[in-house]
Amino acid sequence: MNAFEIENLECSYLEKGPAVVWIEKLGIPKGKLTVILGRSGSGKSTLLEALGLMNNTIREGRVTYHSPCRDENLAGIWHRYRKVAAIRKNRFSFIFQDDYLMPHYTNSENMLIARLIQGGMNPVPAGEMIDRLTGSLNLSGNGIRNKFPYQVAGGQRQRLSFARAMMKDFDILFGDEPTGNLDYKNSGRLIGYIKETIREKAATAIVVTHNIELSAEKADRIVMLSPCADKNRARFSIQPDHVFDRDGQDQWINYPEQDDLVAFIKNAI
Ligand code: ADP
Ligand code: MG
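To get the numbering used here, take the position in the sequence shown, counting from 1, and add 1165.
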């Protein structure tokens, strides 16, 4: 079962010229962590923004979102602005490289804000969630909760914005380089936390990162953007042989040694 079904998709921020990304066919498996890899400028954000209804970058093709209530084609949905807003608010959650915390609210208020806007959808009580998140993200000390974002360190702000994304209820979690400002160990923790959370909630995660080793260690599926053979059509594409999955033993298909997959991807990017 797929959360998203992509067919003949062309996406770009610009209306004219070759598209940035072309994808003939791709599924994003439900309940799994899919990682998108590709060099800078290869359209990772363009694609993520199309799927997450952050920007209308879809020019051509079909993106079916199998939501818990019905299927929606995200191409051509943008004129239904209430629908777009409802899906983003009720079904999606987002983490970015920058924290986008609101400077005039305390860190606690920042953690609560997305959940407040969503309304009472998340069945787990807010207090319990804050306790759990601040505990496991190492945010419980030094009165961090009652301080303002500018009064805490960058790494702490990053984790606060991560906690904010986790506080609401969601079906799909989008991360655009969510570990971009973190060291390897903390990146691993954060991705581990994402995996645990989606398992608990039966949700799906789609994460863009530059960290190939971490992807090979933790992802369920890796999709890679690489230069498109048909330059008139698009600059980058996802070729079928640049989609990597694990087998029943949790090993990468065709790459029994994880390091070989890492080497292949490094070479192909
Ligand atoms: P990535 O996330 O892989 O680094 P992007 O999706 O941000 O790549 O960018 C893909 C291409 O789209 C780049 O050529 C970039 O210059 C262009 N681009 C990115 N953002 C915009 C924008 N807001 N308007 C127009 N072009 C953009
Ligand atoms: Mg980007």
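By construction, the Cβ of each residue, glycine as well, lies at the ideal position given by its N, Cα and C atoms.
Quick caveat, the model's predicted, so the values are computed rather than measured.
Query: Looking only at its own chain, which residues have a Cβ that is under 7 Å from the Cβ of LYS1312, when we skip the five neighbours before and after it?; Result: THR1271, ASN1272
Query: Whether or not the stretch 1402-1419 and the stretch 1213-1222 are in contact is what I'm after, with contact meaning three or more pairs of Cβ atoms, one per stretch, closer than 8 Å; do they touch?; Result: no
Query: When the Cα atoms are used, what is the spatial distance from ASN1220 to ASN1351?; Result: 29 Å
Query: Comparing C-alpha positions only, which one of MET1267, ALA1368, SER1301, ILE1377 sits nearest to GLU1342?; Result: ILE1377
Query: Shorter than 7 Å, the distance from the beta carbon of ASP1341 to the closest heavy atom of ligand 2, or not?; Result: yes
Query: Is the distance from the Cβ of TYR1265 to the Cβ of THR1222 below 8 Å?; Result: no
Query: By DSSP, does SER1177 sit in helix, in strand, or in coil?; Result: coil
Query: Give the list of continuous alpha helix (DSSP H) stretches no shorter than 4 residues that lie fully inside the stretch 1212-1269.; Result: 1246-1255
Query: Return the CA-CA distance between PHE1259 and MET1332, expressed in angstroms with no decimal places.; Result: 11 Å
Query: Quick check on the DSSP output: what are the complete beta strand (DSSP E) runs of length 3 or more inside the stretch 1387-1427, in order along the chain?; Result: 1399-1402, 1408-1410
Query: Hey, quick one: how far does the alpha helix (DSSP H) through GLU1342 stretch, first residue to last?; Result: Per DSSP, GLU1342 belongs to no alpha helix (DSSP H) and is neither H nor E.
Query: Taking the Cβ atom as the reference point for each residue, do PHE1335 and ALA1368 lie within a distance shorter than 8 Å?; Result: yes
Query: Exposed or buried, what is MET1166 when buried is set at 16 or more other beta-carbons lying within 10 Å of its beta-carbon?; Result: exposed
Query: Return yes when the C-beta of SER1210 is under 7 Å from any heavy atom of ligand 2, and no when it is not.; Result: yes
Query: Determine the closest residue to ARG1322 out of ILE1242, LEU1304, LEU1338, with distance taken between C-alpha atoms.; Result: LEU1304
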